[in-house]
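This report refers to the structure that appears directly beneath it.
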Amino acid sequence: MNQQLLEKLKEALSSVLPVTLIVVVLQFFFRMPTNTFIAFLIGAFLLIVGMCLFTLGADTAMMPMGERVGSHLVKSGSYKVLIPIVLAIGAIITIAEPDLQVLANQFSSINKWVVILTVAAGVGVSLVLAFVRVIKNVELTKVLLAMYVLMFAMAGTVAVSNPNIVPVAFDSGGVTTGPITVPFIMALGLGFATVRGGKHAQDDSFGLVALCSVGPILAMLTLGIVTGVSEVTSDIGTAPEYMNFADILGGFGRGMISCIKEVALALLPIIALFLLFQVIFMHLPKKNLARIGIGLVYTFVGLVLFLTGVNVGFMPAGLYLGNAIAASSVSWILVPIGMILGFFVVMAEPAVRVLNKQVEELTVGAISQRAMLLSLSIGVAISIGISMLRVLTGISIWYFLIPGYALAIELSFFSPKIFTVIAFDSGGVASGPMTATFMLPLALGACAALGGNLSTDAYGLVAMVALTPLITIQIMGVAYKAKLRRANKATSISDNNDVTIIEFDLDLEDI
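Following my numbering, the numbering of the sequence shown begins with 58 at its first residue and continues without gaps.
This is how it looks when you write it as structure tokens:
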């Protein structure tokens, strides 16, 4: 365990230090208040320790729990059992996602629990659809295409009378797939596909997160149509003032208490569900339960520290930096700075490490963690750059979402299936708490300084972060496919020259 902990600590350091160093450099040019900067440094330390413990806990508790529950669900063989349980799982694990709480507080004219329950229902229905897709052996691309057509049709209808809610609705698809939801849902899919077996079991273990990212968007657009809600505020837009070091410690103390409540609320339903399955179906030995229990402690402590760090330390820093850069004479530099930060911020998303590790294991190293991380980083850098350009110019998000999703669907017909399902999962994974509480405040601070419309110009950043990895990872898949074809052709030519004929049976669609 000590060796494993050390490895996780190295990963956390390599993820958080680049972002920290960039902000330290920016402090020399766009100075934030000293106490805010100190709070940022404390937050960076909490991020490192928190990510280290969380990823260790995800490996030893969240993933095994989800995989075992998923495998026993499919063994039931009954839709009457499967559908209500999966619907409940999707809704329960979504309700207390920390990022969803932030989103729900943005509406001044509707109770936040209406928003939370609406989004939770969207995730629950999507998770049911994802499981039925696997059972019926329907291609993920076909299901996503149908959902995207419906999504844009609804968004177009809402935008005519209520344009403010559209960017926030698209953001909801990213904030719901956070550090609690992603490891458990991915493990559910892995357990489900493993027991089901078949030729496409590997592909079917992915795709659940992708569908669970679309459901909340449809649910929020439905809410906009039914209620006509349009007043989107931003309580995230005002940074706390730290007068002295005691204020800083007080802020972290209050933030930690709040995070303890949020994380406990998020984990308890999952633990209760697992214990219910343990008593009725699984009957795991005490040794396994003890290991999972220790992993849950790591998960709880790690996520509390991580969320405290980003909420209390990183969010105010993002707001101040965005405001200072946009108010300067070189406001255009917001775009390259945003791209650089976006490239490294995705490395610090807890769920990204979980996804990358699972991808490398399931593809037996064919898609390495390094390749996945690079593709995600490039995608997020592009999306943040576009988002900052929108803040500066006020360009509508429609000019990017429609062609972006159209390109992602088009690439799905040329990229190997495994790359496609991973790509659509990665969009939700990349848009986690670091994006919601550091990059979004950066955009909000800049938009406020420029006097822009927060609803239409700053919101939508999370949606863009969720979009671009769909494109970059599938482009990687197309390149990988072309490389295999060239290698296959070169081998065939070489063998013919040696008067040796070797037949290859390589199905590129099943890579």
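Glycine is no exception: its CB is placed at the ideal position from the N, C-alpha and C atoms.
State the Cα-Cα distance for the pair Leu245 and Leu275, rounded to the nearest angstrom. 23 Å
Just how far apart, CA to CA, sit Ile528 and Pro342? 44 Å
Buried/exposed call for Val81, threshold 16 Cβ in 10 Å: exposed
Between which two residues does the alpha helix (DSSP H) carrying Thr279 extend? 265 to 284
Going by other Cβ atoms of all chains shown within 10 Å of its Cβ, with 16 needed for buried, is Ala374 buried or exposed? buried
Since I believe Thr93 is in contact with Ile150 (beta carbons under 8 Å), could you give me their beta-carbon distance rounded to a whole number of angstroms? Not confirmed; about 34 Å, so no contact.
Close Cβ partners of Met491 (< 7 Å) along its chain, the five nearest in sequence each way excluded: Val367, Val402, Ala405, Glu406
Give me the Cα-Cα distance between Leu628 and Gly451, rounded to the nearest whole angstrom. Beyond the ends of the chain as shown, which are 58 and 568, falls residue 628; an answer cannot be given.
Going by DSSP in three states, Ser178 sits in which element: helix, strand or coil? Reading off the sequence shown, one finds Ala at residue 178, where the question assumed Ser. It is helical.
Tell me which residue opens and which closes the alpha helix (DSSP H) that Leu70 is part of. 59 to 86
Quick one: what does DSSP say Ile454 is sitting in, helix, strand or coil? coil
Going by beta carbon distance, what residues of the same chain come within less than 6 Å of Ile454, once the five residues before and after it are set aside? Pro224, Gly517
To the nearest angstrom, how far is the alpha carbon of Leu446 from that of Ser128? 45 Å
Given this structure, state the Cα-to-Cα distance separating Val523 from Gly395, to the nearest angstrom. One point to set straight first is that residue 523 is Ala, not Val, in the sequence displayed. Their Cα atoms are separated by approximately 16 Å.
Grab me the residues of Gln426's own chain with a C-beta within less than 7 Å of its C-beta, minus the 5 sequence neighbours each way, in chain order. Asn413, Lys414, Glu417
So, do the stretch 494 to 506 and the stretch 528 to 541 have three or more beta carbon pairs nearer to each other than 8 Å? no
Residues of its chain near Ala384, where Cβ-Cβ distance is below 6 Å and the 5 sequence neighbours each way are ignored: Ala506
Could you tell me the distance, in whole angstroms, from the CA atom of Asp567 to the CA atom of Pro326? Caution applies to Asp567, whose pLDDT of 42 falls short of 50 and renders its modelled position unreliable; the value that the coordinates give is listed next. Going from the Cα of Asp567 to the Cα of Pro326 covers about 37 Å.
Mind checking which residues open and close the alpha helix (DSSP H) that includes Met89? It is not in any alpha helix (DSSP H) - Met89 carries neither H nor E in the DSSP assignment.
Does the beta-carbon of Thr112 have 16 or more other beta-carbons within 10 angstroms, so that it is buried, or is it exposed? buried
Measure from the alpha carbon of Met122 to the alpha carbon of each residue in Arg348, Gln61, Leu268, Arg311, then state which is nearest. Arg348
Measuring CB to CB, does Ala463 end up less than 9 Å from Gly231? no
Alpha carbon to alpha carbon, how far is Pro297 from Asn194? 51 Å
Restricting to Cα atoms, I'd like to know which of Ile95, Gly107, Phe86 is closest to Ala303. Ile95
Tell whether a beta-carbon distance below 9 Å holds between Val361 and Gly489. no
Please classify Glu418: does DSSP put it in a helix, a strand, or coil? helix
Cut-off 7 Å between Cβ atoms - residues of its own chain near Val556, not counting five sequence neighbours on either side: Summary for Val556: the model assigns pLDDT 43, below 50, so the residue's position carries little reliability, and this model does not support an answer.
Considering only the beta carbon of each residue, do Thr365 and Gly114 sit closer than 9 Å? no
Just to confirm, are Leu433 and Ile530 a CB contact at a threshold of 9 Å? yes
Reducing DSSP to helix, strand and coil, say where Tyr537 ends up. helix
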